[in-house]
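J.: Structure incoming, see below.
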Amino acid sequence: MAEILVYVDHVDGAVRKPTLELLTLARRLGEPVAVALGAGAEATAATLGEHGATRVLTADAPEFGDYLVVPKVDALQAAYEAVSPAAVLVPSSAEGKEIAARLAVRIGSGIITDAVDLEAGDEGPVATQSAFAASFTTKSRVSKGTPVITVKPNSAPVEAAPAAGAVEALAVSFGELATGTKVTARTPRESTGRPELTEAAIVVSGGRGVNGAENFAIIEALADSLGAAVGASRAAVDAGWYPHSNQVGQTGKSVSPQLYIASGISGAIQHRAGMQTSKTIVAINKDAEAPIFDLVDYGIVGDLFDVVPQLTEEIKTRKG
Ligand code: FAD
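When the letters of the sequence shown are read in order and numbered with the working numbering, they come out as residues 24 to 343.
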């Protein structure tokens, strides 16, 4: 059976959810072989094995932490050459997309980014992408070289699929470019206790209708009642009401949760670009003609200052 290389996103050995989703998709295409790099790489093997990885290629070296992505590309290329996979899958994070793009150039392959689904095809994997505010769904396949595909978080379920997960050391040598850009400082963001925006199963977003930084407390309260991440439109971010890192949209983050709740957001195309692939979309807006209602599964016409607190209370009551 063909082997599918899966690049592992992990923090000190804790595998992040988008990688487990990639394993689900990889199993549709062949036998997943995971590549885990950096501190804690070997510790990822148990989790990866539980989700279908037959082999886990690991490498650790100071270069992975001290420099930007090139050492990781060197290692992924070494894995590619060792395995000769039928496809390479990488999580669609900013770093993942840079790694995937650099690998594709090096190996002379086509690349597809931000896929939301993958299936096996007669001539290789077929990727689904969503375009133009979900007006179009495209299906594409790589027609040159080994397909390199990045997949957005929340595109597939996490499935238990016990496999060997056998750890194998990957021999890596770094090229001249690997140490070209050094990381000089890392400042961890203050933790809000909420899930990461791009990985969250539920996102509650606020827009200009929230009308002030202090009013985002009601958006946060609804998010917390659901265990959700908080997003914001660019209008809310530009007004200084919420951090730029929480912006959803064309020039912000792209999210694809199970549930997206937009409050006081009109639904401009640039906002849609970042949330259109959400599985279920709910909007709360006092203007029944707001364009966001063209996109939603459930729409609530009303003042968010009435609706959102009621929703939060109701959810809390039902949760007991
Ligand atoms: P508005 O369009 O002003 O909508 C506010 C909505 O709130 C209205 O529909 C109103 O009816 C409703 N409302 C007001 N008060 C209440 C209330 N009390 N209760 C209920 N509803 C209420 N935007 C993004 O979001 N993300 C991006 O990444 C992004 N990138 C961009 C890139 C470019 C190049 C450009 C040109 C624009 C970009 N924009 C982006 C901006 C985008 O065009 C819109 O201006 C922006 O999304 C509008 O934000 P909004 O919906 O919060 O505000």
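From the three backbone atoms N, C-alpha and C, an ideal C-beta is built for every residue, glycine too.
Let's test the definition: count the other Cβ atoms within 10 Å of the Cβ of Ile292 and tell me whether it reaches 16, buried, or not, exposed.
T.: exposed
J.: Taking just the CA atoms, how far does Ala98 sit from Arg129?
T.: 12 Å
J.: Closer than 7 Å by C-beta to Ala102: which residues in its own chain qualify, once you throw out the five before and the five after it? Chain order, please.
T.: Leu28, Val58, Leu80 and Leu193
J.: Considering only their Cβ atoms, is the gap separating Ala259 from Arg295 smaller than 8 Å?
T.: no
J.: On the DSSP bridge list, what partners appear for Leu282?
T.: Ile225 and Thr303
J.: Looking at Ala82 and Gly53, is the spacing between their C-beta atoms short of 8 Å?
T.: No, Cβ-Cβ distance for Gly53 and Ala82 is not below 8 Å.
J.: Within the continuous beta strand (DSSP E) that includes Glu54, where are the two ends?
T.: Glu54 -> beta strand (DSSP E) spans Glu54 to Leu60.
J.: Could you say which of Ala251, Ser158 and Ile315 lies nearest to Thr335 if we only look at CA atoms?
T.: Ala251
J.: Are the beta-carbon atoms of Val38 and Leu71 separated by less than 8 Å?
T.: Against a cut-off of 8 Å, the Cβ pair of Leu71 and Val38 comes out as a contact.
J.: Which whole-angstrom value describes the C-beta separation of Ser178 and Glu312, a residue pair presumed to lie in contact below a C-beta threshold of 8 Å?
T.: Between Glu312 and Ser178 the Cβ distance is about 32 Å, and since that is not below 8 Å, they are no contact.
J.: Consult DSSP for Ala109 and reduce its assignment to one of helix, strand or coil.
T.: coil
J.: If you drop the 5 nearest sequence neighbours on each side, which residues of the same chain put their C-beta closer than 7 Å to that of Ala246?
T.: Arg217, Val227, Ala252 and Val253
J.: Note down, in chain order, each residue of its chain lying with its Cβ closer than 7 Å to the Cβ of Ala69, except the 5 sequence neighbours on either side.
T.: Gly188
J.: Just to be sure I understand the criterion: a residue counts if its Cβ is closer than 5 Å to at least one heavy atom of the ligand FAD. Which residues meet that?
T.: Those residues, listed in chain order, are Gly230, Arg231, Gly232, Ser256, Arg257, Ala258, Gly272, Gln273, Thr274, Gly275, Gly287, Ile288, Ser289, Ala291, Gln293, His294, Asn308, Lys309, Asp310, Ala313, Asp326 and Leu327.
J.: Need the endpoints of the beta strand (DSSP E) that Leu141 sits in, please.
T.: Asp140 to Glu142
J.: Using CA atoms only, rank isn't needed, just tell me which of Val324, Pro170, Thr274 and Ser268 is closest to Ala285.
T.: Val324
J.: If we ignore side chains and look at the alpha-carbon of each, how far apart do Val31 and Tyr321 end up?
T.: 36 Å
J.: Examine chain B for any beta-carbon lying closer than 8 Å to the beta-carbon of Lys342, and answer yes or no.
T.: You won't find chain B in this structure, because it holds only one protein chain.
J.: How about Pro332 and Phe197: are their beta carbons less than 8 Å apart?
T.: no
J.: Threshold first: 3 residues or longer. Then list the beta strand (DSSP E) segments lying entirely within the segment 125-181, N to C.
T.: 134-138, 140-142, 149-154, 159-163 and 171-174
J.: DSSP on Glu191, reduced to helix/strand/coil?
T.: strand
J.: Roughly how many angstroms separate the alpha carbons of Pro163 and Thr151, rounded to a whole number?
T.: Per the sequence shown, the amino acid found at residue 163 is Ser instead of Pro. Note on geometry: alpha-carbon atoms of Ser163 and Thr151 lie some 7 Å from one another.
J.: By a C-beta neighbour count over all protein chains shown, 10 Å radius and 16 as the cutoff for buried, is Phe87 buried or exposed?
T.: buried
J.: Could you please give the first and the last residue of the uninterrupted alpha helix (DSSP H) stretch that includes Leu334?
T.: Leu327 to Lys342
J.: Just how far apart, CA to CA, sit Gly297 and Leu220?
T.: 11 Å
J.: Please determine, among Val106, Thr136 and Pro108, the residue with the shortest C-alpha to C-alpha distance to Gly119.
T.: Thr136
J.: Expressed to the nearest angstrom, what Euclidean distance is found between the alpha-carbon atoms of Thr173 and Ser301?
T.: 17 Å
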